[in-house]
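J.:
Structural data, given as structure tokens:
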């Protein structure tokens, strides 16, 4: 019958296994460092005979692999609906090595792959998050993620007030507008009047003051965070004259002058006729 069973660990340490029942032997838990290990088993019977050595080799891997996303950068703004995500992973010795990767888009299903890149197509406007997971052969895993924004469309802007061709009897006019951008979002607005220089505006309204009488055109431009822009215009008239409109007084004065001239000619003709008679 079996007398003793020895386990030689990594060709250095011998552990005597306890005889349990029948041919089953065991030992309390042994601690192993990360890496490859070899155990050789020897059995001796009561007559001093020794069996042929039985050997088992295994690897202990408690080390988590690593994965990092190479591109795109976090919070990048992409001007196409197809985005390629690339990554790299490692599980150096004494780890068991990388077995596979998996990718996930916007909290959807995981898809396994052995590649280190994937192109996501037909992405909607707005923010997206991609997660990359790496597995090693021991079942350890690690996750990395990247968030980016798809912005392929121009922002929109429309003027709320005033309406086109409105007339104002004062020299100050407030222009109000609204804008939207489903992609990267609105960065800022700009306004100008009568093709003057652009002025940056934080809000969605601007008051123009000290305006001359006459027609004016205001342009409003919206710029999104990917530097796409759109513009809209409105034209209006300023008339601060008490009668009529711009130029009306000049017309009245000219008309009055013509009337005086006609009257003077009529008087002259009358006196000329009177002298002849």
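Numbering (my numbering), first residue to last: 5 to 281. By construction, the Cβ of each residue, glycine as well, lies at the ideal position given by its N, Cα and C atoms.
1. Looking at residue 226 and residue 237, is the spacing between their C-beta atoms short of 8 Å?
2. In this structure, does DSSP put residue 135 in helix, strand or coil?
3. Could you give the distance in angstroms between the alpha-carbon of residue 213 and the alpha-carbon of residue 231?
4. Using DSSP with H/G/I as helix, E/B as strand and the rest coil, what is residue 50?
5. Ignore the nearest five residues each way along the sequence and tell me which others in residue 142's own chain have a CB closer than 6 Å to its CB.
6. Assuming residue 71 contacts residue 146 under a Cβ cut-off of 8 Å, what Cβ separation, rounded to an integer in Å, is found between them?
7. Under the rule that 16 or more other beta-carbon atoms within 10 Å means buried, what is residue 183, buried or exposed?
8. Among 161, 79, 96, which one has its Cα closest to the Cα of residue 190?
9. With distances taken from CA atoms, which of 15, 9, 44 is nearest residue 53?
10. Do you know how far the Cα of residue 235 is from the Cα of residue 257?
11. Run the CB neighbour count on residue 22, radius 10 Å, all protein chains shown included, and call it buried at 16 or more, exposed below.
12. Might you give, ordered along the chain, the residues of its own chain that have their beta carbon closer than 8 Å to the beta carbon of residue 79, omitting 5 neighbours on each side?
T.: According to the data block:
1. no
2. strand
3. 29 Å
4. coil
5. 65, 100
6. 5 Å
7. buried
8. 161
9. 9
10. Residue placement at residue 257 cannot be trusted, given a pLDDT of 48 that sits under 50; what the coordinates show is reported in the next sentence. Computed Cα separation, rounded: 42 Å.
11. exposed
12. 151, 152, 153
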